[in-house]
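In my numbering, the protein residues as written are 534 to 852. By construction, the Cβ of each residue, glycine as well, lies at the ideal position given by its N, Cα and C atoms. Remember, predicted model here, so these are calculated numbers, not experimental data.
The structure is reproduced here in structure tokens:
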């Protein structure tokens, strides 16, 4: 009888918790602030089933591209905080507060960080005719030839542009940014020898490297890449603070219930340990991160400050 009373008492303790759980009875939408086909879209589609399985519902990817990712990000901010809307962010979420004179949302107040999913490091590549074969050799060349080093990017304020500006700042050299309409055009100009260097994603550089059409000098990851184990990191090259990478994480509208946020976080951290998913992510150049909502919430403002400094020093403006 005493044990029965103890069980009943425990049951009453847990009933409020059960009642407080956010109930998800419809499909969950995952907003991607870009068109289908890019790396952020691909990652979202890989992790969507794991979120759906957690709640016994379908997780549907919804692409909302435009205005440097701000259209889709605004849609996340405006959604009801009921657990039915999540959003995938990339590095633009971190850099847009400094690049754009006015945002239609508050990056640090209108969202609930859930989990930092992955990074995708960038590779500094040059034309094979370039005499430099290491990052330090390129720096030495730039110091002797300050007006001759150019780097290409897919436009002002893009990830490749900011990576090059971070490298320029840390190396204390002069380089000229040559913006193009897209990454493809920048790569063509690099192969043709019209520009000196670019920062490329691993997947974007793979075919060129395999064909010997470009030469890799260093990669921005903390450790050497599984895809390119022979490419040294910038830390190994004497530049540990050159760490620009594409990043991806999940957020929700501000006010989304904590129990729901924690369930999504747990589901993603579990998914990142799934060997099948790990293989797919590595093949696409992703390095998994994971962690708590608090970890991600702390990381975001620190990165905003870091990139604001680089953007201000380089006087980068995007309208």
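Inclusion of residue 843 and residue 666 in the CB contact set at 9 Å is not warranted, their separation being larger than that value. A buried status is given to residue 797, since no fewer than 16 other beta-carbon atoms sit within 10 Å of its beta-carbon. For residue 805, the CB contacts under 6 Å within the same chain, skipping 5 residues up- and downstream, are 821 and 823 in chain order. Where residue 733 is concerned, the enclosing beta strand (DSSP E) starts and stops at 730 to 734.
Scanning its chain for C-beta atoms nearer than 6 Å, with the 5 sequence neighbours on each side dropped, one finds around residue 748 the residues 659 and 661, in chain order. Residue 620 is a Cβ neighbour of residue 605, given a cutoff of 9 Å. Under the Cβ criterion (8 Å, minimum of three pairs), the region 764 to 772 does not count as touching the region 676 to 688. Boundaries of the beta strand (DSSP E) around residue 562: 561 to 565. Among the bridge pairs identified by DSSP, residue 621 is matched with 783. Collapsing the DSSP output to three states places residue 758 in coil.
Distance from the Cα of residue 555 is smallest, within the candidate group 562, 778, 588 and 578, for 588. The Cβ-Cβ distance between residue 648 and residue 826 falls below 9 Å. Restricted to the region 571 to 625, the beta strand (DSSP E) segments that are unbroken, complete and at least 3 residues in length are 592 to 596 and 618 to 622, listed in chain order.
Around the beta carbon of residue 834, fewer than 16 other beta carbons lie within 10 angstroms, which makes this residue exposed. In the DSSP annotation of this structure, residue 851 is not part of any alpha helix (DSSP H), being labelled neither H nor E.
The region 608 to 620 makes no contact with the region 750 to 764; the number of CB pairs closer than 8 Å stays below 3. DSSP links residue 712 through a beta bridge to 686. The Cβ atoms of residue 829 and residue 646 sit closer than 9 Å to each other.
Here residue 817 is not near residue 600, since their CB atoms are 9 Å or more apart. In the structure shown, the three-state DSSP call for residue 829 is helix. The alpha carbon of residue 607 has as its nearest neighbour, out of 592, 628, 640 and 632, the alpha carbon of 640. Using a 10 angstroms sphere on the CB of residue 681, the tally of other CB atoms stays under 16, which defines it as exposed.
A Cβ-Cβ contact shorter than 9 Å links residue 577 with residue 594.
Per DSSP, the continuous beta strand (DSSP E) segment holding residue 654 begins and ends at 644 to 659.
Taking 9 Å as the cut-off, the beta carbon of residue 783 is found no closer than this to the beta carbon of residue 761. In this structure, the beta-carbon distance from residue 592 to residue 563 falls below 9 Å.
The three-state secondary structure of residue 821, taken from DSSP, is strand. With respect to residue 572, residue 691 sits apart: the two C-beta atoms are not nearer than 9 Å. Per the DSSP secondary-structure output, residue 803 pairs with nothing in a beta bridge. Beta-carbon to beta-carbon, residue 704 and residue 672 are separated by about 5 Å, close enough to satisfy the 8 Å threshold.
The C-alpha of residue 801 is placed about 14 Å away from the C-alpha of residue 785. For residue 673, the uninterrupted alpha helix (DSSP H) run begins and ends at 668 to 677, by DSSP. Taking the CA atoms as reference points, residue 711 sits about 9 Å from residue 694.
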